[in-house]
Every structure is written in C-alpha cells, then in structure tokens.
Amino acid sequence: MEELIVVGNGMAGVACVEQILKHAPKFHITIFGEETHVNYNRILLSSVLAGEKEADEIALNSLEWYQKHGITLRLGVRIVDVDPVLKTVTGDDGSVTSFDKLLLATGSTPFVPPIDGVEKEGVYTFRNLDDARALVEQAQPGRKAAVIGGGLLGLEAARGLQVRGCDVTVVHLLDTLMNMQLDATGGRYLEAKMQQLGVRVLLNRITTRVLGESRAEGLEFRGGERIEADLVVIAAGIRPNAHLGKKAGLKVNRGIVVNDYLETSHPDIFAVGECVEHRGVVYGLVAPLVEQGKVLAATITGNRGPQFQGAQPAAKLKIMGVDVFSAGQVMESDGVEVVRYEDPAMGIYQKLLCRENKLVGVVLVGDAGDSHRYVDWLRSGADLAGKRRHLLFPEPAADGGLDAAQMPDSDTVCGCMGVTKGAIISAIHEKGLNTLAQLKECTRASTGCGSCTNLCQQLLRAVAPDFEEDKKKVLCGCVPFTQENLREMVRTQRLRSVQEILEIYGNGAGCEICKPALSYMVDMVWCGDHEEDRSARFINDRVHANIQRDGTFSVVPRMRGGVTTPAELRRIADVAEKYHVRMVKVTGSQRIDLLGVKKSDLPKIWADLGMPSGQAYTKGVRMVKTCVGTEFCRFGTQDSIHAGVELERRLENLYTPHKVKMGAVGCPRNCAEATVKDIGLVGQEGSWQVVVGGAAGKHVRKADLLITVETTPEALEAAELFFQYYREHANYLERTYDFVERLGIEKVRKETVYAPEPVKQALRERLSKAKALSRDAWLEREEPVHPTQFVQIQPLEEVLV
Amino acid sequence: MSWVRITIPENIPLREGRAVRVGGEEIAVFNLGGRFLAVENRCPHKGGPLADGIVSGGTVVCPLHNWKICLENGAVTKPAGESCGVATYATRLEDGVIWIELRGEQEAAA
Ligand code: SRM
Ligand SMILES: Cc1cc2nc3c(=O)[nH]c(=O)nc-3n(C[C@H](O)[C@H](O)[C@H](O)COP(=O)(O)OP(=O)(O)OC[C@H]3O[C@@H](n4cnc5c(N)ncnc54)[C@H](O)[C@@H]3O)c2cc1C
Ligand code: SF4
Ligand code: FES
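These protein sequence lines map, in sequence, to chains A and B. Its first residue numbered 166, the first sequence is counted upward by one per residue in the working numbering. Its first residue numbered 28, the second sequence is counted upward by one per residue in the working numbering.
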C-alpha cells in the first residue's frame, strides 16, 4: 500500500477520494483538514444562514464513512509546509508525515479588498461552517447589516441575513449585480427582485473604510458617502489557496497549474478543486471540480487516460423566489444571435445566445424552470436550426409539472454534481435504489443545492420498484417544502398571504391541497393578523356552511355543551319553517342541523336564528359534548356542563389544523364519550383528568392522559395549552389522534403542561391574541367580505328561453 | 349565437367564480386576474357547482370530489383519462361589463 496524503477535507478533495475508492485499492489515505468538521456541503451554507437547513443537516460524509474506508482523518490540523524532495508534509501541530503521493485540495479563501478597518469587530467573511454559525448568531432582528459584494455569494448572504430580520444593504463595486453571470438588463431585473424582497442595493460603490471605534458602525465609500452598519459581511470574491503548491516548487499562476490529467509539475503531487488552474481557468463551482476529481482518480491510481477538457460552469442563485441561472457566454458579440424574452410585470428576463445554430449561452432571471434543457443543449451542441420560435417556449408540460419523462437520458438532472438522467436511471436499476437517501448516497445527485430534488423523486417514483416517499413529506407539488419548513419561512420572512407564499416559493398557482393549508398557516402564525384571501379557502370557509351533495348547504348553530333553551328551540323551529329547510336533524355531536339550505338564504337564516356559528363546516373548534354531571346526575363528581360550556366559550371561533371535538364528563362512566375526543375532561372524585388524542371516527383511539389536576380552572388551562400547541405544530389535516401518536404523549406533555413557565406563558399569549382577533363567522351576514359572497349574480340582461 | 351582458367585473373576486343563470343555462364565471372565463356550472362527475371550487392556475377544482376542470377548454384534467368535460363560453370585457356568448340553440329558442 502506498501512502496518499490529501490536504483539504473539502468538497473537491473528498469527492476525488470517493472516486479513488472506486478503483482497485492502492493507497492508505490520510486526510488533513484545517476545519474541525467532517466533509460537508459548502454550497448549503447559504441555506444554513437562511434557516432553511440546520448546520448538522449538511454533512456529506460521516465519521463512520471515513472509518469504513480505512481513511485516517486528521481534523483541525493545517498543513504549513511541503517538502517535495523528502516527500513529507508538516502540520501546524508539529507533525511531519511522509507520503508517496500528495493531493492538494485546499480550496480557496475569501478575498478581502483593501478597506480600512476590516479587522474591527462585527466584520465577517462567509466561507465555512464556523463563519455561517457566527453569522447566524450575529444576525439578530433589527441589526443593520451591509454585505460588500453583489455576486452569488453576497446576494445569498444578504438574503440569509434579511430573513433573520436584519435590515440589509448590498454594496456592489460595479453597475450590474452578479456581473460575472448577468448582462446589464438581467442585473436590473435581479436588482428589482432583491429590492422587492426588501434587500437594499447600492451599485457603483467602492468601500474605503469600516467606520467605528473597535466595533463596526458603518461603511464609507469613495466620495465620502456613508451608511450605517453594525454587521459587515465581505463577499468580494475568492483567491485560490495555492501557497502550498509554491512551497512544493510547483508551477503556480493564479492557482496550482495542472494539465488535462490533473497532474502538476511534480510527478507525485496532484491537485484538485478551487486551488487549481486548468488551461488558465480557476473554477469556483462544484460540478467541474467533481469532474476533475473523476479524472484525477484515474490518473493517480495508475489508470491514466480520462482527461479533463475544461467545463462550462453554470451558476444558479440559491435564493428562494429569486430564480437566476446563467451558463456559457453572457454578452452579445459578433456572429451571435440572440433570442430574448422580457416580462417586466412578472419580473422575467430570458436570453439565449446562439452561434451557428448552437446554443452558446443562457441567462434566465425570474423563471429558471427550464435551465436543465439549456444546459443539455449547451453541452451536447444540439442543432437548433429552425427551432428558434420554440427555444424559450417548448411544448407546455402537462399540469405545469416537471417533465422528467420527456427528458433525454443525456440531460443533466443534478447540475451541481453533474449527474445525468441516464446515470440516475441505471443506478436505480443496478443498485435497486428505492429512496432519495439511497440515490443521494449512490450517485451524489441532489446533494448540492437541492434544486433537483423534485426531479430525482419523480425519476425514483417512475422507475424504482419499491419507491418509498421520503419521510419528510412536502406539502404538495405547488410549494415543495415540508409544512414545518413553510411555517418557519412564513414566520421569519413575514409572509402574510397565501398568494405571496405561492409566488415566492411556489408555482404561483396553488391547488386545492396547498391553498387551504397555507391559509391556515398564515392565520395561525400571525395569530389571525394575516391577509385573508377567500379565494384560497374551500367553499365551506367562504360561506361558513357545509356544502352538500346537491350544492345546497347545512346550518349548525353553536349550542355550547349541547345545552339549549325552549326559546332557542322555538327560533330554530320558526327558521326551519320559514326557509323550508328540508330536514331538521339532531347531530351526533349534541346539536341541531338544518339541512338543504340555499346559499343566498344563509345570511338571513343566521340573522333569524340569532345564534353563533357552530363551525360544523370547517377545520376549527366543533363543540364540547357534555353529560349532565353534578348538576343532575346521582353519580356526578364534577360539574361537567359548566366546565364544558366554559371550554367551548374559550376556544370557539378558532381554527385548527383539523377539526377539534371535545367532551367533558362528570365521572368515569364517560356518558359524553370524552375519552374518544380530541380533548376530553374526565371528572374524578376531587380531580379532573385531561385527556388528548382520542378518536372514534375513521379510527378509534383511546385518548392519552395529558395531566391530572385538582381544579376546573387548571383543567381548562391544560386543555388550552394542548390546544394551542396542536394549532402550532400539527400539519394541516392532521387530527390530534395522528399528531399525538406521531410526537408521543411524553413529548407533548413536556412541551405543554410540564413546559417551563415562560414557554407556557408564550403559548397562552399567542392563544389569547388569536382569540382576541377571532369573531363569529356568521357576523359576515352584516358585513360580507365581498358584495356577492352569498348572493347569486343576476345577469344584466335576460335572455328568453 | 348571441352575446349577453352579464355583470360588472367587480362582482367576481380575483381567483374566484360566481354562478349566473342566463338563457336557461347555469354558467360559472371566473376571474383570473382581469381575464374572465366561463364554463357550464355543472361538474361532469356528479354535477357539483364548479363556481364554488378553488381556482388552481387555469383550472378549477370541484368542491364535491376534487375533479379538476380546465377553464380554457372545459376538459377534465384530473382524474387523468376522463374524456368528458364541460361546455365553455366565449367572454369579452366591453364597456366595463363582462359579456358571454350563449350557444346557438339558446338564441334559436329565444
Ligand atoms: C352532521 C353530522 C352527522 C349527523 O347527522 O350527525 C356529520 C356530518 C358530516 N361529517 Fe361527521 N358528522 C357529524 C358527526 C361526526 C362524529 C361524531 C361526533 O362529532 O361526536 C364523528 C366521529 C368523531 C370524529 O370526528 O372523529 C364524525 C366523523 C367524521 C369524519 C371522520 C374523521 C376522522 O378523521 O376520523 C369525517 C371526514 C373528515 O373529517 O375527514 C366527517 C365528515 C363529515 C362531513 C362534514 C362530510 C363532508 O365533508 O361534507 C359530513 C357533512 C354532511 C353534510 O352534508 O352536512 N365526519 N362525524 C355530525 C355533525 C356533528 C356536529 O354537530 O358538528
Ligand atoms: C456560501 C457558499 C455558497 C456556494 N454556493 C455554491 C453553489 O450554489 N454552487 C456551486 O457549485 N458552488 C457553490 N459554492 C462553491 C463551492 O462550495 C466550492 O466551489 C467548493 O466547495 C470547492 O471545493 P474545494 O474542495 O476546492 O474547496 P473547499 O470546499 O473550500 O475545501 C477546502 C478545504 O481545505 C481546507 N484547507 C485549506 N488549506 C488547508 C491546509 N493548508 N491544511 C489543511 N486543510 C486546508 C479548508 O479548510 C477547506 O475545508 C459556494 C460556496 C460558498 C462558500
Ligand atoms: S358518516 Fe358522515 S361523512 Fe359518512 S355519509 Fe354519514 S354524514 Fe356523511
Ligand atoms: S361532482 Fe365534481 S368532483 Fe364529484
């Protein structure tokens, strides 16, 4: 076995090692990494900053992986010297290690322009996990942040900080954002998009000074202009880490110079990644670096043959809602024909550059959904003669969805890791893959920026024999995020309307699944203080009645605890006659249903009834069933009627992920079935048991005991804590029986009734805020949200039949 | 064929539908952002009122059992493979009023 030393435990180095392991074993491998983390996905640091991913979610290779492959991993050790003659490397811990072959994969470091005061506190760069963690900690709401550099990294950092509540300005040297990837028009569209998201953009500014004593307080630009900023992030470009190459006496220009086999000027020293220069180009994106790694793996294992011929890197901005994609040539030049599309209202700008009927460049801003098609054309040099009119507008894909089936096998699915559809399909067949996790592990597809996850899922679904949906289920195809993520995004990004979410994070259209779910979400997150959009609600929630099979509606007034009065019954009887209600029925929930009512009669019936809505049509608080309890029953030990009526009064008019049905019973005989309700109060001698997660519908489940308390106020409070906790944490359409089952009652207890007082207090406060803003939906009879909410439209002219 | 004045655009909220009875036809008119599309207000599945459905891009989802109907051509797009559909009506916006073109038979009957 030869000794192979790898300097740099980063994306390119480890990707190359992964490839080396595919060849016949030849080496014992030692990897030195200056950072103290296992190899992680650097690309996703932007997502960590934006709160879309946790720091521990982005690891690429686990410690077990290194062990399994017999790799010695030396974390926290920086290599400071290389002796090309003795063939040793020296670490900053004083260690000297000899090698037979050396692989330099040292990446690059952030370039810090000559600005006075960059050493001040509050000034950061953004390159590694520690930087990201520090920024997450610093990015407190209300802080004024400035990002120097309007390139990919700078914009992603800016959005991350802004999502965390900072007031962010991006300062860019030139007059075009992302000037490496965009033309002036594209830059303007992008700028508009960023401003629209609330990130301020200052162009043509040369930063000369960081203001402040020992801490940053602002920036000064050439010409004297100043802005305030107590958090400064420098994202002004990167410089290859090539000094070890110099020490080893290798040929170095901007980076360590390598040939098409990734060989340096020393026969036993190789280099890969951002630290190398190939045919005069230094790459700063993962896909070409992975390509390099494959070639180098062949060279270094004695299978010299494959060549790296250079690559056309494609850049994609990873800011949700700001689609920017660019590849190949960007600027017009002689002999280049341009196909362009602009839609200023929608913020869409697309430009294709063709030379001799071949695509040579593409710029997409605002809508980059088709980028994989263009990448394929660029790479394959497809003949586009006669196709000009269809270049930007291919046949519409069915249902606006993805078109995995129509993609040719040579199409790239994962642009970051350069994995084609064909490679994925054959991996699925050959390795019998069934989950996304297996696919990621095996092909590395979808381990980069993650934007191809949907496509990968589609391919798995279509081809894998026993496809298993990932555990984390996304809400739906229109907004492909988990509900947990969405709740967090709605909160941190202050999204208050369904349409806003759909436009920024989704397909703009939405459907019957996501619209009601998002409606609930904005309402819940903002405790009722959201922008209500009735078009996103199911019909029941537009007219506050339950639609029936014939298009009529049913009316169930609230009858708290199932208790009514003769006067109320008389009114109900009168109403039923006056409006020719088809049937009056006692429901399974101790109240009365008036069935078969015309939509236009609803407001009148509600007014005549003079009773509040029973919310029988919605995902909200239904009722509290009660038994007669101590008031009348000879066995009663608790006053279940009053407790039940009070519970209903406290929670009525609130909306929930799914309907919430409750019960209160005076003794364990349980006559109102409280132990099979979402929330139940079960009276005992001298105490109440509060039970949750019961069901007797599609499923039958005995409720779990949440807590036993002595007094009625305590019982009501426990019920409220659980109720609000369910509202905040359950997925839409998840009944308590599934929710409690999923989380486990222990966790639910710990986070509600046994939570620290401030946590309980916060739950109570959010509940009372929502309650204060809630109202009886039937009051819309007097103030409809829209003039034609209940009335049938009458045509302006009649046509005789 | 005859064009009939139906209602002012303000009567149909954005991304919602409203039913209107005219010339013996029950028609659902939808507002897709200043564009108004009209289809027969009867779901081909079991007659559900399409005007009460949720609009999803250029389609509407029936409130009874979630069939999806294209508002442009009346075709059922979900479940896949259904060949039935609903009638569509041409619309135009003129003098601040939504007009709908009724089919020939109606005019003949009138
Ligand atoms: C009216 C009523 C039946 C009756 O005549 O008694 C009824 C009627 C409907 N139930 Fe129910 N449920 C009624 C009591 C119940 C009960 C008993 C209870 O509440 O104590 C249950 C079992 C308890 C439970 O909820 O688990 C019950 C379990 C269901 C389920 C199954 C829920 C589950 O996850 O297990 C559904 C379907 C759903 O919600 O997804 C459902 C759905 C429905 C819907 C709303 C179907 C729909 O979406 O249109 C029915 C409306 C009919 C209509 O046209 O108005 N209904 N339904 C009862 C109204 C109670 C009320 O006053 O609000
Ligand atoms: C925030 C952010 C977002 C990005 N987004 C994208 C994107 O969307 N798409 C894309 O393709 N690319 C993106 N990139 C770039 C991509 O991450 C890099 O191109 C890639 O990580 C380079 O791989 P590398 O192995 O060459 O360098 P690195 O991943 O930086 O690895 C080099 C490692 O070597 C270590 N090291 C350096 N010197 C020594 C030494 N002397 N001794 C020991 N260890 C040493 C470093 O600490 C580092 O861990 C992004 C980068 C950042 C920072
Ligand atoms: S059990 Fe409920 S959902 Fe089923 S038919 Fe009866 S009322 Fe409708
Ligand atoms: S009636 Fe429309 S889906 Fe059944």
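Beta carbons: idealized from backbone N, C-alpha and C, even for Gly. Remember, predicted model here, so these are calculated numbers, not experimental data.
Among A:466, A:255, A:422, A:839, which has the Cα closest to the Cα of residue 445 (chain A)?
Residue mapping note: residue 445 (chain A) aligns to position 280 of the first sequence, counting from 1. Taking only the C-alpha atoms, the option nearest residue 445 (chain A) is A:422.
Does the Cβ-Cβ distance between residue 514 (chain A) and residue 524 (chain A) come in under 8 Å?
For the purposes of this step, residue 514 (chain A) is taken as residue 349 along the first sequence, with counting starting at 1. For the purposes of this step, residue 524 (chain A) is taken as residue 359 along the first sequence, with counting starting at 1. No; because the gap between Cβ atoms is not below 8 Å, this pair is not in contact.
Classify residue 768 (chain A) as helix, strand or coil using the three-state DSSP reduction.
For the purposes of this step, residue 768 (chain A) is taken as the residue at position 603 of the first sequence. Residue 768 (chain A) carries a helical assignment under DSSP once its states are collapsed to helix, strand and coil.
What residues of chain B sit near residue 677 (chain A), judged by a beta carbon separation below 7 Å?
Within the first sequence, numbered from 1, the residue matching residue 677 (chain A) stands at position 512. Chain B residues near residue 677 (chain A): 81, 83, 88, 93.
Can the beta-carbon of residue 545 (chain A) be found closer than 8 Å to that of residue 575 (chain A)?
Taking the first sequence and counting its residues from 1, one reaches residue 545 (chain A) at position 380. Taking the first sequence and counting its residues from 1, one reaches residue 575 (chain A) at position 410. Yes, Cβ-Cβ distance for residue 545 (chain A) and residue 575 (chain A) is below 8 Å.
Would you tell me roughly how many angstroms separate the C-alpha atoms of residue 324 (chain A) and residue 213 (chain A), rounded to the nearest one?
As a position in the first sequence, residue 324 (chain A) is number 159, starting the count at 1. As a position in the first sequence, residue 213 (chain A) is number 48, starting the count at 1. In a straight line, the C-alpha of residue 324 (chain A) is about 12 Å away from that of residue 213 (chain A).
Of the residues that make up the region 40-59 of chain B, which ones have a beta carbon closer than 8 Å to any beta carbon in chain A?
Cβ contacts with chain A come from 40, 41, 42, 43, 45, 46, 47, 48, 49, 50, 51, 56.
Measuring CA to CA, which of A:841, A:824, A:823 is closest to residue 830 (chain A)?
Position 665 of the first sequence, counted from the first residue, corresponds to residue 830 (chain A). Residue A:841 is the option with its Cα nearest to residue 830 (chain A).
By the 9 Å beta-carbon criterion, what residues does the region 514-533 of chain A contribute toward chain B?
So nothing in the stretch comes that close.
Ignoring anything shorter than 4 residues or poking outside the region 333-397 of chain A, list the alpha helix (DSSP H) runs there in chain order.
Within the region 333-397 of chain A, the complete alpha helix (DSSP H) runs of at least 4 residues are 349-362.
Is the shortest distance between the beta-carbon of residue 768 (chain A) and the beta-carbons of chain B less than 8 Å?
As a working note, residue 768 (chain A) is residue 603 in the first sequence. Output row for residue 768 (chain A): interface = no.
Between residue 960 (chain A) and chain B, is any beta-carbon pair separated by less than 8 Å?
In the first sequence, residue 960 (chain A) corresponds to position 795, counting from 1. For residue 960 (chain A), the closest Cβ of chain B is nearer than 8 Å.
Own chain partners of residue 205 (chain A) with C-beta closer than 8 Å, once the 5 adjacent residues on each side are dropped
Taking the first sequence and counting its residues from 1, the one referred to as residue 205 (chain A) is at position 40. Excluding residues within five positions, the ones whose Cβ falls inside 8 Å are 223, 224, 225, 294.
Could you check which residue in B:104, B:100, B:126 has the C-alpha nearest to that of residue 115 (chain B)?
Along the second sequence, read from residue 1 onward, the residue named residue 115 (chain B) stands at position 88. That would be B:100, whose Cα lies nearest to the Cα of residue 115 (chain B).
Mapping the DSSP letters down to three states, classify residue 815 (chain A) as helix, strand or coil.
Reading the first sequence from its first residue, position 650 is the one you call residue 815 (chain A). The answer is helix: DSSP assigns residue 815 (chain A) an H, G or I state.
Between residue 177 (chain A) and ligand 2, is there a pair consisting of the residue's CB and a ligand heavy atom that are separated by less than 7 Å?
Counted from its first residue, the first sequence places residue 177 (chain A) at position 12. Here the distance from the Cβ of residue 177 (chain A) to the nearest heavy atom of ligand 2 is below 7 Å.
Secondary structure of residue 507 (chain A), DSSP reduced to three states
Sequence index remark: in the first sequence, residue 507 (chain A) carries index 342 (1-based). Secondary structure at residue 507 (chain A): strand, using DSSP grouped into helix, strand and coil.
Could you tell me which whole alpha helix (DSSP H) segments of length 4 or greater appear in the region 782-868 of chain A?
Assignment of alpha helix (DSSP H) within the region 782-868 of chain A, counting only whole runs of 4 or more residues, yields 794-797, 805-816 in chain order.
Between A:507, A:531, A:439, which has its C-alpha nearest residue 483 (chain A)'s C-alpha?
By one-based count along the first sequence, residue 483 (chain A) stands at place 318. Selected option, being the one with the closest Cα: A:531.
Would the C-beta of residue 864 (chain A) count as close to ligand 1, meaning under 7 Å from any of its heavy atoms?
Here residue 864 (chain A) refers to the residue found at position 699 of the first sequence. Because some heavy atom of ligand 1 lies under 7 Å away, the Cβ of residue 864 (chain A) counts as near it: yes.
Per DSSP, residue 942 (chain A) is paired with what?
Residue 942 (chain A) sits at position 777 when you count from the first residue of the first sequence. Answer is none; residue 942 (chain A) lacks a bridge partner.
Among A:723, A:727, A:769, A:630, which has the Cα closest to the Cα of residue 743 (chain A)?
Position 578 of the first sequence, counted from the start, is the residue given in the question as residue 743 (chain A). Among A:723, A:727, A:769, A:630, the Cα nearest to that of residue 743 (chain A) is on A:769.
Taking buried to mean at least 16 other C-beta atoms within 10 Å of its own C-beta, is residue 358 (chain A) buried or exposed?
Along the first sequence, one-based indexing puts residue 358 (chain A) at 193. With 16 or more other Cβ atoms within 10 Å, it is buried.
Just to confirm the assignment: which complete alpha helix (DSSP H) runs, minimum length 4, are found wholly within the region 632-714 of chain A?
Segments of the alpha helix (DSSP H) lying fully in the region 632-714 of chain A: 648-657, 663-670, 679-690, 704-708.
Under 8 Å, Cβ to Cβ, is there at least one residue of chain B near residue 955 (chain A)?
Taking the first sequence and counting its residues from 1, one reaches residue 955 (chain A) at position 790. Look at residue 955 (chain A): its C-beta is not under 8 Å from any C-beta on chain B.
Cα-Cα, which of A:727, A:721, A:233, A:965 is closest to residue 760 (chain A)?
Residue 760 (chain A) sits at position 595 when you count from the first residue of the first sequence. With distances taken between CA atoms, residue 760 (chain A) lies nearest to A:721 out of A:727, A:721, A:233, A:965.
How about residue 411 (chain A) and residue 430 (chain A): do their beta carbons lie closer than 8 Å?
Stepping through the first sequence from its first residue, residue 411 (chain A) is reached at position 246. Stepping through the first sequence from its first residue, residue 430 (chain A) is reached at position 265. No. Outside cutoff.
Quick check: what's the CA-CA separation for residue 542 (chain A) versus residue 434 (chain A)?
Against the first sequence, residue 542 (chain A) aligns to sequence position 377. Against the first sequence, residue 434 (chain A) aligns to sequence position 269. In this structure, the alpha-carbon of residue 542 (chain A) lies about 36 Å from that of residue 434 (chain A).
Three CB pairs or more closer than 8 Å across the region 687-706 of chain A and the region 65-84 of chain B
Contact between the region 687-706 of chain A and the region 65-84 of chain B is present, because at least three Cβ pairs lie under 8 Å.
From the DSSP output, in three-state form, read off residue 619 (chain A) for me.
For the purposes of this step, residue 619 (chain A) is taken as residue 454 along the first sequence, with counting starting at 1. The DSSP-derived three-state label of residue 619 (chain A) is helix.
Using a Cβ distance threshold of 8 Å, determine whether the region 677-696 of chain A contacts the region 921-928 of chain A, with at least three qualifying pairs required.
Touching, no, given that fewer than three Cβ pairs across the two stretches are closer than 8 Å.
Does any C-beta atom of chain B lie closer than 8 Å to the C-beta of residue 952 (chain A)?
As a first step, residue 952 (chain A) must be located in the first sequence, where it is residue number 787. It does: the Cβ of residue 952 (chain A) has a partner Cβ on chain B nearer than 8 Å.
Taking 7 Å as the line, does the beta carbon of residue 931 (chain A) fall inside it for any heavy atom of ligand 2?
Residue numbering aside, residue 931 (chain A) sits at position 766 when the first sequence is read from its first letter. No, Cβ of residue 931 (chain A) sits at least 7 Å from all heavy atoms of ligand 2.
Taking a contact to mean a Cβ-Cβ separation below 8 Å, would you say residue 457 (chain A) touches residue 427 (chain A) in this structure?
To locate residue 457 (chain A), count along the first sequence from 1; it is residue 292. To locate residue 427 (chain A), count along the first sequence from 1; it is residue 262. The answer is yes: Cβ separation under 8 Å.
Measuring only the C-alpha atoms, how far is residue 838 (chain A) from residue 77 (chain B)?
The residue you call residue 838 (chain A) lines up with position 673 of the first sequence. The residue you call residue 77 (chain B) lines up with position 50 of the second sequence. Going by the C-alpha atoms only, they are around 38 Å apart.
Give a yes or no on whether the minimum CB-CB distance between residue 680 (chain A) and chain B is below 8 Å.
Residue mapping note: residue 680 (chain A) aligns to position 515 of the first sequence, counting from 1. Closer than 8 Å: yes.
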